[in-house]
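Undergrad: Next up is a structure, given as structure tokens.
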Amino acid sequence: MPDRTIYLDHAATTALDARVLDAMLPYFTAEYGNASSIYTLGRHAMQAIDSAREQVAEILNCRLTEITFTGCGSESDNLAIKGMAYASQKKGNHLITSSIEHHAVLHTCQYLERFGFKTTYLPVDTYGCVNPDDVGRAITDSTILVSVMYANNEVGTIEPIAEIGRICRARKIPFHIDAVQAGGSLPLDVTSLNADLLSLSAHKFYGPKGIGILYTRQGMRLLPQLQGGSQERGRRAGTENVAGIVGAATALQLAYEELPQVMPRIIALRDRLITGLLSIPGSQLTGHPTNRLPNNASFCFEGVEGESILLNLDLLGIAASTGSACTSGSVDPSHVLIAMGIPVELAHGSLRLTLGKANTDADVDTVLTAVPGIVEKLRGLRG
Ligand code: PLP
Numbered sequence: 006m007p008d009r010t011i012y013l014d015h016a017a018t019t020a021l022d023a024r025v026l027d028a029m030l031p032y033f034t035a036e037y038g039n040a041s042s043i044y045t046l047g048r049h050a051m052q053a054i055d056s057a058r059e060q061v062a063e064i065l066n067c068r069l070t071e072i073t074f075t076g077c078g079s080e081s082d083n084l085a086i087k088g089m090a091y092a093s094q095k096k097g098n099h100l101i102t103s104s105i106e107h108h109a110v111l112h113t114c115q116y117l118e119r120f121g122f123k124t125t126y127l128p129v130d131t132y133g134c135v136n137p138d139d140v141g142r143a144i145t146d147s148t149i150l151v152s153v154m155y156a157n158n159e160v161g162t163i164e165p166i167a168e169i170g171r172i173c174r175a176r177k178i179p180f181h182i183d184a185v186q187a188g189g190s191l192p193l194d195v196t197s198l199n200a201d202l203l204s205l206s207a208h209k210f211y212g213p214k215g216i217g218i219l220y221t222r223q224g225m226r227l228l229p230q231l232q233g234g235s236q237e238r239g240r241r242a243g244t245e246n247v248a249g250i251v252g253a254a255t256a257l258q259l260a261y262e263e264l265p266q267v268m269p270r271i272i273a274l275r276d277r278l279i280t281g282l283l284s285i286p287g288s289q290l291t292g293h294p295t296n297r298l299p300n301n302a303s304f305c306f307e308g309v310e311g312e313s314i315l316l317n318l319d320l321l322g323i324a325a326s327t328g329s330a331c332t333s334g335s336v337d338p339s340h341v342l343i344a345m346g347i348p349v350e351l352a353h354g355s356l357r358l359t360l361g362k363a364n365t366d367a368d369v370d371t372v373l374t375a376v377p378g379i380v381e382k383l384r385g386l387r388g
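So for the sequence shown, this note's numbering puts the first residue at 6; every next one is plus one.
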């Protein structure tokens, strides 16, 4: 076992940046006040939240009052979708989303269907791209929300969200963007994106786990999904996670400050992975060839199981991911790959490598040496 994990699963989560930890530490110890308390210690906590909110609002180019801190990306998605749906029941009951969303969106829509809401799941092309015209065609008099992700977590395809947002705005339909995978690597200016709601999660950009962000354009009415105190302007009850909020804002700011240095390097590593692994016979890239997340290299290999590749990579100290999910004893192919028209058999052989700022050329060399042998060995075992 090598002495260091070659971590290539940054779409799952990232390591906390040491500078983010430093910014958070005082709020676990000396500055432990409850932000709702009016004495000095409490006011310090509230000041920390206020300045974190300013940092986030600056990057999103929005008002302070439009930022809500939540408990994770899933909560932001839930609050955006359920909050809008329940608040708009008098207007209609129709939601539009895509068939390749994260389960935080898909399962939320499915949950709402139990309470009388109806969802249109838009198809995607072979690259995993939503056609904005399909959004326009799906809108009816009872549509109350469109939710499309910024970039897909499995295959990295970047969706035409600004265009979808333009169509929604013209038809006066609120538009939610699940930007959890885009946060920290793609522009988040909510005005250029034509977003009305936008979800982020700090652990995807070297911030702490357990903190999400939801942007809600002024004037949008959301029904809160947690009842209790009046924190976060009544949108999200519960004593604020001050350290987490400070960490999320610090991480987001660092990510965008360092983007010009970090991204070209990551793109070069990604492209080496793609070119190298596509030389394996019976391999194909999944997702868009160019319009994809800077850190995402994802593939399907004929005649192998993605989970077997992962276990073999793990033995070499390499952490990666597959789209297939093991549920109740059987392996289900990814709903994303199936929606893209990839045959079930091929979808079982998916491998997702997602790079981060600590990865090196040597890491890529190790993967390029390891994967062809693993694929060949696994195919041999199948006979
Ligand atoms: N949306 C997308 C696109 C994601 O990739 C994820 C997590 O992987 C989530 C939502 C959920 O975020 P969290 O893990 O913070 O709940």
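C-beta atoms are modelled at their ideal positions from N, C-alpha and C, and glycine is treated no differently.
Computed from a prediction, not measured in an experiment: that's the story for all the values here.
1. How many angstroms separate the CA atom of G161 from the CA atom of S284?
2. Which first and last residues belong to the beta strand (DSSP E) in which G38 is found?
3. Run through the segment 128-156 for me and flag every whole beta strand (DSSP E) of 3 or more residues, listed as ranges in chain order.
4. May I have the straight-line CA-CA distance separating A90 from L290, to the nearest angstrom?
5. Three-state secondary structure (DSSP) at H293?
6. Kindly provide the chain-ordered list of residues whose Cβ lies closer than 5 Å to any non-hydrogen atom of ligand 1.
7. Considering only residues of the same chain and omitting the five flanking positions on each side of L198, which have a CB-CB separation below 7 Å?
8. Write down the C-beta distance between A109 and Y155 rounded to the nearest angstrom, noting that I regard them as a contact closer than 8 Å.
9. Please report the straight-line C-alpha distance between S103 and A256, rounded to a whole angstrom.
10. Whole-angstrom Cβ separation of R357 and E159, contact assumed at under 8 Å?
11. What does the Cβ neighbour count give for D138, buried or exposed, with the cut at 16 atoms within 10 Å?
12. G234: buried (16+ other C-beta within 10 angstroms of its C-beta) or exposed?
13. Nearest to A23 by alpha carbon, out of F180, Y12, F210 and I172?
14. DSSP on M15, reduced to helix/strand/coil?
15. Drop a sphere of 10 angstroms on the beta-carbon of N246, count the other beta-carbons inside from all chains shown, and report buried for 16 or more, exposed for fewer.
16. Less than 6 Å between C-beta atoms, sequence neighbours within five positions excluded: which residues of the same chain meet that for R176?
17. Just the C-alpha distance for I250 and F74, rounded to the nearest angstrom, thanks.
18. Which stretch, first to last residue, makes up the alpha helix (DSSP H) that contains T359?
19. Span of the alpha helix (DSSP H) holding D368?
20. Hey, would you say L202 sits closer than 9 Å to L228, going by beta carbons?
21. Locate the beta strand (DSSP E) running through G217, then write down its first and last residues.
22. Quick one: what does DSSP say L298 is sitting in, helix, strand or coil?
23. At a cut of 8 Å, does the segment 118-128 reach the segment 258-270 through at least three beta carbon pairs?
24. Do the CB positions of C305 and V195 come within less than 9 Å of each other?
25. Give the C-beta separation of E36 and A53 to the nearest angstrom, bearing in mind that I take them to be a contact with Cβ-Cβ under 8 Å.
26. Helix, strand or coil, according to DSSP, for K123 in the structure here?
27. Grouping DSSP H, G and I as helix and E and B as strand, with all else coil, what is I54?
28. Can you tell me which residues form a DSSP beta bridge with T75?
29. At the level of alpha carbons, what is the spacing between A92 and K214?
30. With distance defined between alpha-carbon atoms, name the residue in E106, A17, L65 and L84 nearest to Q232.
31. Decide if R238 is buried, meaning its Cβ has at least 16 other Cβ atoms within 10 Å, or exposed.
32. Assuming T70 contacts Q223 (C-beta within less than 8 Å), just tell me the rounded distance between them.
33. Is the beta carbon of A344 less than 9 Å from the beta carbon of V153?
34. Identify which residue in T327, T365, D368 and D366 has its Cα closest to the Cα of H353.
35. Which same chain residues end up closer than 7 Å to V369 when comparing Cβ atoms and leaving out the 5 residues on each side of it in sequence?
TA: Reading it off the structure:
1. Straight-line Cα distance between these residues: approximately 20 Å.
2. Element bounds for G38: n/a, residue is neither H nor E.
3. Within the segment 128-156, the beta strand (DSSP E) runs of at least 3 residues that lie entirely inside it are, in chain order, 148-154.
4. If you take the alpha carbons of A90 and L290, they lie about 37 Å apart.
5. coil
6. C77, G78, S79, H107, A109, N158, D183, V185, Q186 and S206
7. Taking L198 as the centre and dropping the five residues before and after it, the same chain places the C-beta of I166, A167, G170 and I182 closer than 7 Å to its C-beta, in chain order.
8. The Cβ separation is near 13 Å, so there is no contact.
9. 29 Å
10. 6 Å
11. With fewer than 16 Cβ atoms within 10 Å of its Cβ, D138 is classed as exposed.
12. Note on G234: under 16 other CB atoms within 10 angstroms of its CB, so exposed under the neighbour-count rule.
13. F210
14. In the sequence on display, residue 15 carries His and not Met. In the structure shown, H15 sits in coil (DSSP, three-state: anything other than H, G, I, E or B).
15. buried
16. I144
17. 7 Å
18. Not the alpha helix (DSSP H): T359 falls in the beta strand (DSSP E), residues S355 to T359.
19. D366 to R387
20. no
21. It spans G217 to T221 - the beta strand (DSSP E) in which G217 sits, taken as one unbroken run.
22. Coil, per DSSP.
23. no
24. no
25. 7 Å
26. strand
27. Correct three-state label for I54: helix.
28. Partner(s): G217.
29. 29 Å
30. L84
31. exposed
32. Between T70 and Q223 a beta carbon distance of about 7 Å is seen, short of the 8 Å cut, so the two are scored as contacting.
33. no
34. T327
35. L274, R277 and L278
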